[in-house]
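Structure first, then comments.
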Amino acid sequence: MTPLDKVEGRAIPFGLKNVDTDVIIPAHWLKTTTREGMGRGAFESLRADPDNLFDSADFKGAPILIAGDNFGCGSSREHAAWALGDLGIRVVIAPSYSDIFSGNAVKNGILPVVLPQSAIDRLMEVATTDPVFVDLEHQTVTTQYQDRFSFEIDPFRKMCLLEGLDEISLTEKSDAAIGAYEAKLDADRPWMRPAA
Amino acid sequence: MTRPRTLYEKIWDAHVVEQRPDATCLIFIDRHLVHEVTSPQAFAGLRASGRTVRRPDLTIAVPDHNVPTTPRLDAAGNKLPIADPESAAQLAALEKNAPEFGIRYIDATAPEQGIVHVVGPEQGFSLPGTTIVCGDSHTACHGGIGALAFGIGTSEVEHVLATQTLLLQPSKTMEVRVEGEVGPGVSAKDIILHITGVIGAAGGTGHVIEYTGSAIRALSVEGRLTVSNMAIEGGARAGLIAPDETTFAYLKGRPYAPKGADWDAAVAYWKSLATDPGATYDKSVVIDAADIAPSVTWGTSPEDVVPITGVVPAPESFADPSKQAAAAKSLAYMGLEPGTRMQDVPVENIFIGSCTNSRIEDLRAAAAVIKGRHKADNVKWAIVVPGSGLVKAQAEAEGLDRIFTDAGLEWREPGCSACLAMNPDKVPAGERCASTSNRNFVGRQGPGARTHLVSPAMAAAAAVTGKLTDVRELMA
């Protein structure tokens, strides 16, 4: 996973709420056995409009996406995070996310920044003409004007993003603890193993 | 004395392998369900890193999303090829990956095959008090039997395959209490559609919802699976319903369920899981069952719910400006005018199926409405897709298939079908579908398709009249 610290550039002033993962990547793009090339299907129904934001001269390849409440709701498909990553997006800024999407984003080196709607409204305005600056180490979103918005992030997620960590390798260090749990489970509740 | 705990807290506490310095915990996963769409990249990851599956005995793989619902065997019993090369490749990948990693595999042609969330409880693989994951957001479904079950992404699928654990933060708890008795024609689907309308599509975000109250306790296990299935449509990663005698009676004797003395020990443990008196939730919503009518969606978010007796709302009727904008967009997509009576909306397509509503009780409810009637002439496409091969066999033993086919509906092979437009079952652009599935998102049933979410009985009523219909009018 590519480490992420500072991201600056144009931010797509998308702003819609309840954007579901079927909109981010429709199901027919899921018929693949690899993670690559999903960007072509990203926001397909919206990009059918030739005047869409994503393909406009200003925002094509922009590293930041600004959205409304409950971004990434619906299907658990990680393909949504792969599609955003393939479009070049490293940061999403929204008031809230679906729990599954925000987890998938972090595992793919995409930072889901949570800011209140008032901050989103201001950033939407700035983003139409100017770049946005995101600093994960200091947990801030700033603009070239006086704007400075601080955001919260779980320390574990922050570390994973900053260091580009592979979570499985990390968990494998707990191998003995997992083994001990399994042994205790077999002793206390042996019926938990599937009977057949 | 220990602090009173909720059902969620008890299951969580019983699965903590390690607690990290912050609130993050390494959580043991008791059951892992795998399907063909969200697993190929996870298996490829294992292969690339030389890892194995830690607990193949706790894992079952079954294809469901891509499989066509047309016959899978020819007259001689040979497997028919899948026409779509990409779908065929995904199925072939699962068929290869499962045995290579030592995982039980249910083939598309096996009698036990079906939608992963129908198969789990039906096989007794899903049990109360367990943690269950699957690379599919409707894993919430298994909460209907009292399991902490939630959808995960492909990276997490790989993590569970490799370590049988997940790194998670505890969720907040939310109680949705439905008290009283529902009226005639009101099913579990109407209850969960109504709840989603009340709490909103983000109402449960960050929470696990426990459904309580007399109207929930009165539901069969099939009904409870329907309710919990759509917890995710209210933003909650998981739903829960406390296991009780109804749950135990449903699970007893199922293939993977405990047997003999193990069964008794299991039941004793499951009984201890109910939320303690005095335990508190972070958030509570109380709903009067008498307020729930047969329900239908008008828009492109599952929160866009009205009673069938209602009308299409005007965007200005919403207080929130962003919801006004979303409603206007939804109505344009749906081709609906504010003020139109829902019962005046014609439908050309009917889909009875999906992990929400494809169990035997769902098919019985639809058949009871259809029996002795015929689909309307303007209904071009009407399919009934049982949730598994076992549901299909049971329905056929009861003669339900004949009731559907006599009425002009098609009787199909099990799978996810028209819920998500990944297999040949799709709704054409610009056309409407009365659908028993769970999502009315833009393009969900096919590009440009217009979905109205309803119960199985309501879908059957719409098939008969050719428009969205109050099923109570056909029940007299």
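Read top to bottom, the protein sequences are chains W and R. Read in this note's numbering, the first sequence has 100 at position 97, and its numbers run on one by one without any break. Read in this note's numbering, the second sequence has 583 at position 283, and its numbers run on one by one without any break. Every residue gets a Cβ at the ideal spot worked out from N, C-alpha and C, and that includes glycine. Given the structure is predicted, the values throughout are model-derived calculations rather than measurements.
Around the beta carbon of Asn678/R, fewer than 16 other beta carbons sit within 10 angstroms, so the residue counts as exposed.
Measuring C-alpha to C-alpha distances from Gly345/R to each of Arg43/W, Asn55/W, Thr37/W and Phe46/W identifies Thr37/W as the nearest.
If you draw a straight line from the Cα of Ser528/R to the Cα of Tyr148/W, it is about 47 Å long. Among the CB atoms of chain R, none fall inside 9 Å of the CB of Asn55/W.
In the DSSP assignment, His494/R falls within the unbroken alpha helix (DSSP H) covering Ala488 to Ile499.
Excluding residues up to 5 positions away in sequence, Gly746, Pro747, Gly748 and Ala749 lie with their Cβ nearer than 8 Å to the Cβ of Ala729/R in the same chain. At a cut-off of 4 residues, the continuous stretches assigned as alpha helix (DSSP H) that sit fully inside the stretch 364 to 433 of chain R are 385 to 400 and 416 to 422. Shown here for Pro304/R: same chain residues with a beta carbon closer than 7 Å to its own, the five before and five after excluded, namely Asp576, Pro577, Gly578 and Ala579 in chain order. In the three-state reduction of the DSSP assignment, Arg347/R falls in the helix class. Shown here for Met775/R: same chain residues with a beta carbon closer than 7 Å to its own, the five before and five after excluded, namely Pro484 and Gly485 in chain order. Within the same chain, Pro411, Glu412, Gly414 and Glu422 come within 8 Å of Leu690/R by CB-CB distance, once the 5 residues on both sides are set aside. The shortest C-alpha to C-alpha distance from Ile403/R to any of Asp384/R, Ser387/R and Ser339/R is the one to Ser339/R. Taken in chain order, the members of the stretch 18 to 43 of chain W whose beta-carbon sits within less than 9 Å of a beta-carbon on chain R are Gly18, Leu19, Lys20, Asn21, Asp23, Thr24, Asp25, Val26, Pro29, Ala30, His31, Leu33, Lys34, Thr35, Thr36, Thr37 and Arg38. Val605/R is not a Cβ neighbour of Gly639/R, given a cutoff of 9 Å. Secondary structure within the stretch 73 to 99 of chain W: the beta strand (DSSP E) runs of 3 or more consecutive residues, fully enclosed, are 94 to 97 (chain order). Chain R has a Cβ within less than 9 Å of the Cβ of His82/W.
Proximity of the stretch 308 to 323 of chain R to the stretch 370 to 381 of chain R falls short of the contact definition, fewer than three beta-carbon pairs being nearer than 8 Å. Those residues of the stretch 717 to 728 of chain R placed with their C-beta closer than 7 Å to a C-beta in chain W are Leu720, Ala721 and Met722, ordered along the chain.
Chain order gives no chain R residues near Ile123/W, where near means a beta carbon separation below 9 Å; the closest approach is about 10 Å. In the pairwise beta carbon analysis, the stretch 459 to 466 of chain R is classified as not touching the stretch 556 to 565 of chain R: fewer than three pairs are separated by under 8 Å.
Inclusion of Thr369/R and Asp725/R in the CB contact set at 9 Å is warranted, their separation being smaller than that value. DSSP places Trp711/R in the strand class (E or B) of the three-state scheme. Using a Cβ-Cβ distance cut-off of 8 Å, the stretch 388 to 406 of chain R and the stretch 660 to 677 of chain R are not in contact, since fewer than three pairs of beta carbons, one from each stretch, lie closer than that value. Remark: fewer than three beta-carbon pairs, one from each stretch, lie closer than 8 Å, so the stretch 737 to 745 of chain R and the stretch 754 to 765 of chain R are not flagged as touching.
DSSP, read as helix, strand or coil, puts Phe741/R in coil. Under the Cβ criterion (8 Å, minimum of three pairs), the stretch 106 to 125 of chain W counts as touching the stretch 86 to 93 of chain W.
Distances from the CA of Glu456/R to each of Glu318/R, Gly444/R and Asp436/R were compared; the closest alpha carbon is that of Asp436/R. The beta carbon of Pro558/R lies closer than 6 Å to those of Ala566 in the same chain, with the five residues before and after it left out.
The beta carbon of Ser48/W sits closer than 8 Å to the beta carbons of Val26 and Pro29 from its chain, once the five residues preceding and following it are set aside; these are given in chain order. Secondary structure at Arg160/W: helix, using DSSP grouped into helix, strand and coil. The C-beta of Asn649/R has 16 or more other C-beta atoms within 10 Å across all chains shown, which makes the residue buried.
Under the three-state reduction of DSSP output, Ile113/W falls in the coil class, being neither helix nor strand.
Under the Cβ distance rule, Trp563/R counts among the residues neighbouring chain W, one pair being separated by less than 9 Å. Beta-bridge pairing by DSSP links Leu466/R to Ile327/R. In this structure, the beta-carbon distance from Thr505/R to Ser172/W does not fall below 9 Å. Taking a contact to require three or more Cβ pairs closer than 8 Å, the stretch 78 to 88 of chain W and the stretch 131 to 140 of chain W do not qualify as touching.
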